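This report refers to the structure that appears directly beneath it.
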Amino acid sequence: MLDAAYRLFYNDLKSFIPESRMATDPLRTLAYGTDASFYRLIPKIVVRADTEAEVSKILKQTTDENLPVTFRAAGTSLSGQAISDSVLLVAGESWQQWEVLDNGRKIRLQPGIIGARANGILAPYGRKIGPDPASINAAMIGGIAANNASGMCCGTAQNSYQTVDSIRIILADGTILDTGNARSRDAFKATHGPMLDRLGELARRVKADAPLAERIRNKFKIKNTTGYSLNALVDFSDPFDIITHLMIGSEGTLAFISQIVYRTVASPPFKASALMMFPQIEGACQTAHRMQALPVAAAELMDRASLSSVEEKAGMPSMIRGVSPTTTALLVETQAADFATLSTNIQTIADALEKRVTLRTTDDGRTHEWHLAGTNQAFSATFTDDAGRSDGLWKVRKGLLPSVGAVRNPGTTVLIEDVAFPIHSLAPATLDLQSLFSKHGYREAIIFGHALAGNLHFVFSPNLGHPAELDRYARFMDDIAHMVVNVYDGSLKAEHGTGRNMAPFVEKEWGSNAYGLMREIKEIFDPGSLLNPGVILNPNPTVHLENLKPLPPADPLIDACMECGFCECHCPSRNLSLTPRQRIVIQREIARLIVSGDNAARLAELKKGYNWQGEATCAADGLCGVACPVDVDTGKFTKAFRGRAVKGQPYQWLADQAADHFGPLTAGIQAGLRVADGLHRLIGTGAMKHLAGSLRRLSGDRLPAWLPSLPTAAAPPRTRSTAQGERAVVYFPACVSRTMGPAAGDPLTDPLHVVTERVLRRAGYRVIYPEKMDSLCCGLPFESKGFFDQANRKSDDLEKSLLAASGNGRLPVLCDTSPCLERMRRTLGPQLTLFEPVEFTAAHLLDRLAITKTEDPVALHITCSARKMGLDNAFMTVANACAETVVVPYGIECCGFAGDRGFNVPELNASALAGLKKAVAGCIAGYANSRTCEIGLSHYSGIPYRSIMVLVDQCTQATDIR
């Protein structure tokens, strides 16, 4: 229950925020009580604000009612700056407007746009935003700017501070200021003149204090996100410029960032990478120092412990195995606008390192290798511009965090800290850091980082739930602070933000004078200290040891989760219920309550709420596992959760009957589709929608939802194989293709199996069908509901039938539905060569067909199963071969139909596809490779979605193959 102050605030919010965008219940507030850090604070109220006007009103109210408020975008922050025990204001997908300015040299972005999306928008201009954090595929612009996040390449020259052009903010009193708009500045001068005067006076005072001003300049010569951006006071005199730059790295403690204009940077198309091995860390650090003056975009340092953590993983280069305990690697990348400049860059690097260069070009002339020979490396180094080989090298670096996170003991947390040193001190500082790990017993710790910027990350996994472990961590952090500050005058936070984690050490790093400036800045912008209190400035010396997140074992399928949030933007239920990270948070709390026996009422409430929020609305598509650094697939957990729920229940008998009588079951479904189609034709769409909706409500939502795009019944596929064709393929039409035909009213009336056979025969293939096809199923409908025994029985039957049809694996096997093929690849034996339609078409059909491209724009939906199988490029290859213009809506990955879940939980499908209609405006049709997905896609887009084989059929004719 909310106390009186929060109840009053909640009631006030209801006057302009719908209750559907607020949460006060135990389950959802707990779900939002975590970010990517190792802290937890459970908010009293979570409110999703969709507009500036709403944020302004909320801040006016929190100020008037003296309630703290914290802002949150993606929640990927690592230092505890996106959590609150008061009001949590979430600004996510409603804040995704953007505008490209000055032919790509600037871009205006709202805070809910993911960093990688911004770069995708800028790609046609050959530009990108400056900051390049490792979390750029999940982190949103609001957090990137508010934390002054940087990354591997941007250093201190291209971070948000250096590339911000102007900013639009909402202050604690609700005032909106756009520093790039003259009218807004004039209005602000009229209402907030004293505030501007105080900032101007603060800057003059700092500039007049020469030692202080010089210290500030020196501190920001290396990466530094400890405290506020005091360099704004020495770099600028105009108060609006000062405000613009103080917002960068302010972590939501000074104002809400509603818009930012970045000056963009070039995105060179030509790149080459090399992994350089050094016998001692000193050599690696000295080389990185020299590279600061060379055309090097990135130089990633990895110590021996880092290399050891990944050396046995598949695909790792052999050169990192079996090296000496002191070996250190530098992963180096150079970038250029053209190949000639790239070659010149490598020659310049080689000359500076006193190496000889030997250039080798592959036979096809597409890729090149530059071999650098010398004597002071344990191995020679080779630059390559081959994208595949470069990706293999970068897998070493990108695999480091997962290597620790995936193998840690249950109950432990993954801590990733970042510090920075003057680069001339990088070698001794790294050795001292290794000594501290040894001193405190963190033998699993690894060190890696952005060597060009003197920036090191270190990762280890303590169990902070044990008092002795917490005490050890506290002593370690004290030693780290002493070493970084007192020995090397470095940065305790280089790019992750101060948050709660480093707040007790800000004054130690900066000194009392600079710390006093920070307190003045906070008081100028937030006199009530209501904006994200406790973050950056905190008088509590042990705040970094409090409110720690419990990580009890919950299930082996999810225990490795680090709660980083990289999965969330891929989840179809993210705007409806819970995300994968939040599902795991709830399951961990349920597990903790079960073990402890505490609070039975809370346990019961969480379990009850999870049934819909967690289980029913999970599409179980597995895209979260693709994005997860430690390969946690929450969809797999959901299927196991469902399996436990049905174990020993009468449902098992029904599942057995369905599996054993699959032919009659699909025939019954076809009969149902005929009845529904006939009734629809008889009474019309409006009456059908009303009738079906009424029956569903009367059934307590047990009856499936009806959609106008519901398929008609498919005519049965032929059971005899075709006689002609110089090549042969086994074609297995999935049960959904055998059952469901085109939608009612679709002018294209042939079912998918007829279309697919026609395309195959047109390309000269003899089509072979497996025997007793009406009883065959890959098992996916059973697996998705947790009936694993029945699913595996169906898989076994299918495997036997396909082996017989393919001559024991001699012939390729084509399945026309992506989700089914994905399960077949997971469960069927290696003797079978299995193909998904776009995969088979791209590899074996396109060059045997004469293609006439359609000039009409078409939409493409790459199914989640195809994404998991890595078939994105194959989808694009086929679509681009058949259409002049292909539209792939951004942010719509899983459609949320999830087999039959679109019928039973239609809210999931509606939420996942909320932006589809606008995204495909102008397209005449859409294409995918899953008949059930196409039902929802058609309904929510307003255009017909069909299998991509239909597009191939329409755009091709037979060609003379000689």
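Counted the way the working numbering counts, the sequence shown spans residues 288 to 1249. We put the CB at the ideal spot given by N, CA and C, even for glycine. Computed from a predicted model, the values in this text were never measured in an experiment.
Comparing C-alpha positions only, which one of T866, L818, P791, I544 sits nearest to H831?
Checked all of T866, L818, P791, I544; the closest Cα to H831 is P791.
Note down the Cα distance separating L818 from V342, rounded to an integer number of angstroms.
Spanning the two alpha carbons is a distance of roughly 13 Å.
Leaving out five residues before and five after K1081 in sequence, what residues of the same chain have Cβ atoms less than 8 Å from its Cβ?
Only A946, F949, L1063, C1064, C1065, G1066, F1069 meet the Cβ criterion.
Taking C-alpha atoms, which residue in P556, V1174, S324 lies nearest to G362?
Nearest C-alpha to G362: S324.
Taking 8 Å as the threshold (C-beta atoms), are R1053 and H1040 in contact?
In this structure, R1053 does not lie closer than 8 Å to H1040 by Cβ.
Name the residue from A1215, V1165, K726 whose alpha carbon lies nearest to the alpha carbon of Y759.
Checking the sequence shown, residue 759 turns out to be Arg, not Tyr. Minimum Cα distance to R759 is reached at K726.
By the DSSP assignment, the alpha helix (DSSP H) with K894 in it spans what residues?
It spans 887-897 - the alpha helix (DSSP H) in which K894 sits, taken as one unbroken run.
For a minimum of 4 consecutive residues, which ranges assigned as the alpha helix (DSSP H) are wholly contained in the stretch 358-444?
As far as the stretch 358-444 is concerned, its whole alpha helix (DSSP H) runs of at least 4 residues are 402-409, 428-433.
Can you grab the Cα-Cα spacing for the pair G1232 / C1107, in whole Å?
Here the sequence assigns Tyr to residue 1232, which means Gly is not the residue at that position. One C-alpha to the other measures close to 19 Å.
When the Cα atoms are used, what is the spatial distance from L757 to T829?
The alpha-carbon atoms of L757 and T829 are separated by roughly 11 Å.
Does the contact criterion of 3 or more C-beta pairs under 8 Å hold for the stretch 907-921 versus the stretch 681-697?
Touching, per the Cβ criterion.
How many Å lie between G652 and Q622 at the Cα?
Each residue's alpha carbon lies about 19 Å from the other.
Going by DSSP, what residues sit across from T1141 in a beta bridge?
Per DSSP, A1170.
Rounded to a whole number of angstroms, what is the C-alpha to C-alpha distance between N750 and T700?
Each residue's Cα considered, the two are about 6 Å apart.
Taking the runs of the alpha helix (DSSP H) that are 4 residues or longer, which of them lie wholly in the stretch 493-539?
Complete alpha helix (DSSP H) runs here, min 4: 497-506, 518-522, 526-534.
Please classify S307 as buried or exposed, where buried requires at least 16 other C-beta atoms within 10 Å of its C-beta.
With fewer than 16 Cβ atoms within 10 Å of its Cβ, S307 is classed as exposed.
Within a Cβ cutoff of 6 Å, which residues of the same chain sit near F1127, ignoring the five residues on either side of it in sequence?
Around F1127: L1101.
Does DSSP put Q1241 in a helix, in a strand, or in coil?
DSSP places Q1241 in helix when its eight states are reduced to three.
Just reading off the alpha helix (DSSP H) that P951 is part of, what are its end residues?
949-970 is the extent of the alpha helix (DSSP H) around P951.
Hey, out of T1164, C1220, L1133, whose CA is closest to H1148's CA?
Cα-wise, what sits closest to H1148 is C1220.
Using a Cβ-Cβ cutoff of less than 6 Å, which residues in the same chain neighbour T645 once the five nearest sequence positions on both sides are dropped?
Taken in chain order, the residues that qualify are H658.
Looking at the strands, I want to know which residues DSSP matches up with S453.
V548, per the DSSP bridge assignment.
Excluding the 5 residues flanking D1240 on each side, which residues of the same chain have their C-beta closer than 7 Å to its C-beta?
Excluding positions up to five away in sequence, the list reads V1042, R1045, V1046.
Buried or exposed: where does D1247 fall if 16 or more other Cβ atoms within 10 Å of its Cβ makes it buried?
Here D1247 scores only 44 on pLDDT, less than 50, and its place in the model should not be relied on; the value that follows carries that caveat. Counting Cβ neighbours within 10 Å, D1247 comes out exposed, since fewer than 16 surround it.
So S447 packs on G417, CB below 8 Å; how close in whole Å?
Indeed they touch by this definition, with Cβ atoms about 7 Å apart.
Would you grab the beta carbon distance between D290 and Q348 for me? Rounded to a whole angstrom, and I think it's under 8 Å.
That belief does not hold up - the Cβ atoms of D290 and Q348 are roughly 16 Å apart, past 8 Å.
Is the distance from the Cβ of D964 to the Cβ of A1031 below 8 Å?
Closer than 8 Å, so yes.
Report the rounded CA-to-CA distance for S524 versus R472, giving the unit in angstroms.
Distance between the alpha carbons of S524 and R472: 15 Å.
Taking contact to mean at least 3 C-beta pairs separated by less than 8 Å, is the stretch 533-540 in contact with the stretch 549-559?
Taking 8 Å as the limit for Cβ pairs, the verdict is that the stretch 549-559 does not touch the stretch 533-540.
Please report the distance separating the alpha-carbon of R591 from that of S611.
Each residue's alpha carbon lies about 8 Å from the other.
Which residues in the same chain have their Cβ closer than 6 Å to the Cβ of G736, if we skip the five residues on either side of it in sequence?
So the list reads L588, N742, L743, H744, once near-sequence residues are dropped.
Tell me the rounded alpha-carbon separation between G1213 and S605.
Looking at the two C-alpha atoms, the distance is approximately 45 Å.
Would you kindly check if the distance between the Cβ of E352 and the Cβ of L314 is under 8 Å?
No, the Cβ-Cβ distance between L314 and E352 is not below 8 Å.
For V1207, is the classification buried or exposed, using 16 other Cβ atoms within 10 angstroms of its Cβ as the cut-off for buried?
By the neighbour-count rule (16 or more Cβ atoms within 10 Å), V1207 is buried.
Rounded to the nearest angstrom, how far is the Cβ of S1105 from that of S1217, given a contact under 8 Å?
About 5 Å separates the two Cβ atoms, so the contact holds.
Which residue from T466, C1242, E1194 puts its Cα closest to that of G1223?
G1223 has its Cα closest to that of E1194, out of T466, C1242, E1194.
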